[in-house]
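In what follows, a structure is listed as structure tokens, so that the remarks can point back to it.
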Ligand code: PBG
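Residue numbers (full-length UniProt numbering): 1 to 327.
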């Protein structure tokens with residue numbers, strides 16, 4: 001008789017919402033979320049990003065408001081991207097003490113102090129007229145080491161304006177070390193570095209290039225960003241960044257690379273960050289808009305999956321909305 005019926009019944013622990021909540025292995029918490037924000041120079045009103053419904057290129061004032069809302073909702077951090085009014089070959093607005101990101105940093109630090117962790121993306125693509133992440137040689141190739149000197153200078157400008165965490169995203173060899181050395185040499189040993197250590201050459205960045213106005217004018221980023229076919233080199237990139245002094249390491253994009261998040265999580269003892277990028281956001285918003293998926297459930301599932309894969313911290317454009325829902 002007993003053989004007819006299952007002895008083990010996993011469904012017992014799935015019966016009610018209260019039971020499911022009790023046995024959940026992974027939880028989302030507002031403090032683990034970071035909101036990426038865009039601030040644009042020379043506009044008088046926030047401008048919607050067409051391919052990312054709900055995301056704006058902010059004015060300094062509208063950014064202050066968005067930052068307050070995020071802090072109020074308990075979001076753990078903000079990461080700032082700047083869109084300067086004028087771009088040139090060397091991205092000189094990036095390390096101008098009065099450049100848009102440096103101005104916005106001072107605004108946010110004076111409004112919020114240490115209430116929320118204010119971070120900055122550190123790259124050149126938003127600032128160069130050619131849209132590449134570095135300085136170009138005469139033949140149009142990226143000059144890795146000349147770019148490192150620029151990154152070091154941007155690091156100092158961002159540190160002096162009040163960034164608490166610098167996120168070098170250009171995938172130049174040696175970028176974390178160059179930044180760490182510049183910071184320490186100038187008395188900024190307390191500023192942390194979050195390496196965009198594992199960053200793939202991804203089509204999922206498409207909408208971001210509209211938001212940050214940084215599409216490369218020729219060529220692509222596959223000579224510095226990683227090939228989606230490769231996994232082992234991700235660990236090599238992570239260990240290089242840790243040797244150079246990274247305090248946290250990122251995997252980007254997140255959704256299509258959860259295997260990499262898990263491998264990195266199992267290999268290191270620093271916080272692992274996953275970046276749910278613009279294309280991941282846009283796909284869910286677009287499908288939901290058509291009524292093909294349940295927007296809120298899909299958002300929550302995508303984020304809990306990143307945490308389950310091993311991410312301690314998740315960068316998501318839904319950070320404020322999700323933090324409010326969790327409250
Ligand atoms: C480079 C940078 C990019 C993103 C973050 N930092 C774009 C790129 O590498 O082309 C993409 C983020 C996203 O898609 O949400 N500064």
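Cβ atoms here follow ideal geometry from the backbone N, Cα and C, with glycine treated the same way.
Determine the direct distance from the alpha carbon of residue j to that of residue i, and round the result to whole angstroms.
i, j, result
"residue 59", "residue 326", "28 Å"
"residue 79", "residue 177", "21 Å"
"residue 139", "residue 69", "46 Å"
"residue 113", "residue 162", "9 Å"
"residue 61", "residue 23", "43 Å"
"residue 8", "residue 283", "39 Å"
"residue 245", "residue 153", "17 Å"
"residue 155", "residue 286", "36 Å"
"residue 36", "residue 315", "7 Å"
"residue 190", "residue 274", "23 Å"
"residue 151", "residue 135", "10 Å"
"residue 116", "residue 321", "16 Å"
"residue 238", "residue 300", "28 Å"
"residue 31", "residue 269", "19 Å"
"residue 170", "residue 18", "45 Å"
"residue 21", "residue 215", "43 Å"
"residue 309", "residue 272", "10 Å"
"residue 295", "residue 254", "18 Å"
"residue 223", "residue 89", "19 Å"
"residue 123", "residue 165", "14 Å"
"residue 145", "residue 182", "14 Å"
"residue 208", "residue 55", "10 Å"
"residue 25", "residue 44", "46 Å"
"residue 14", "residue 291", "28 Å"
Mind checking whether the beta-carbon of residue i lies closer than 7 Å to any heavy atom of ligand 1?
i, result
"residue 277", "yes"
"residue 151", "no"
"residue 126", "yes"
"residue 200", "no"
"residue 121", "yes"
"residue 204", "yes"
"residue 169", "yes"
"residue 218", "no"
"residue 221", "yes"
"residue 208", "yes"
Of all the options the options, which has the alpha carbon lying nearest to the alpha carbon of residue i?
i, options, result
"residue 318", "41, 23, 9 and 53", "53"
"residue 248", "256, 255, 261 and 257", "261"
"residue 73", "130, 33 and 110", "33"
"residue 231", "200, 223 and 205", "200"
"residue 94", "234, 171, 255 and 149", "149"
"residue 206", "13, 66 and 50", "50"
"residue 267", "255, 289, 290 and 242", "242"
"residue 103", "255, 288, 38 and 292", "38"
"residue 121", "294, 250, 295 and 255", "250"
"residue 133", "71, 76 and 221", "221"
"residue 198", "216, 168, 217 and 143", "168"
"residue 81", "101, 75 and 89", "101"
"residue 143", "175, 119, 164 and 118", "175"
"residue 324", "76, 166 and 96", "76"
"residue 257", "202, 110, 3 and 6", "202"
"residue 263", "6, 183 and 233", "233"
"residue 219", "192, 141, 252 and 26", "141"
"residue 194", "87, 210, 16 and 240", "240"
Kindly give me the distance between the Cβ atoms of residue i and residue j, rounded to whole angstroms, as I take these residues to be in contact under 8 Å.
i, j, result
"residue 108", "residue 64", "7 Å"
"residue 28", "residue 297", "Incorrect: roughly 13 Å between the Cβ atoms, too far for contact."
"residue 159", "residue 130", "Their Cβ separation, rounded to whole angstroms, is 26 Å, which puts residue 159 and residue 130 out of contact at 8 Å."
"residue 280", "residue 212", "Contact flag wrong, Cβ pair sits at about 16 Å."
"residue 204", "residue 277", "5 Å"
"residue 84", "residue 41", "5 Å"
"residue 137", "residue 172", "Not really, about 14 Å apart at Cβ, beyond 8 Å."
"residue 46", "residue 57", "7 Å"
"residue 91", "residue 128", "4 Å"
"residue 97", "residue 157", "6 Å"
"residue 105", "residue 118", "7 Å"
Taking only runs that begin and end inside the segment 226 to 301, name each unbroken alpha helix (DSSP H) of 4 or more residues, in chain order. Whole alpha helix (DSSP H) segments, 4+ residues: 232 to 243, 258 to 267 and 278 to 289.
Quick check on the DSSP output: what are the complete alpha helix (DSSP H) runs of length 4 or more inside the segment 25 to 59, in order along the chain? none
For a minimum of 4 consecutive residues, which ranges assigned as the alpha helix (DSSP H) are wholly contained in the segment 166 to 207? 175 to 185
Runs of beta strand (DSSP E) lying entirely within the segment 70 to 135, each at least 3 residues, in chain order: 77 to 83 and 117 to 122
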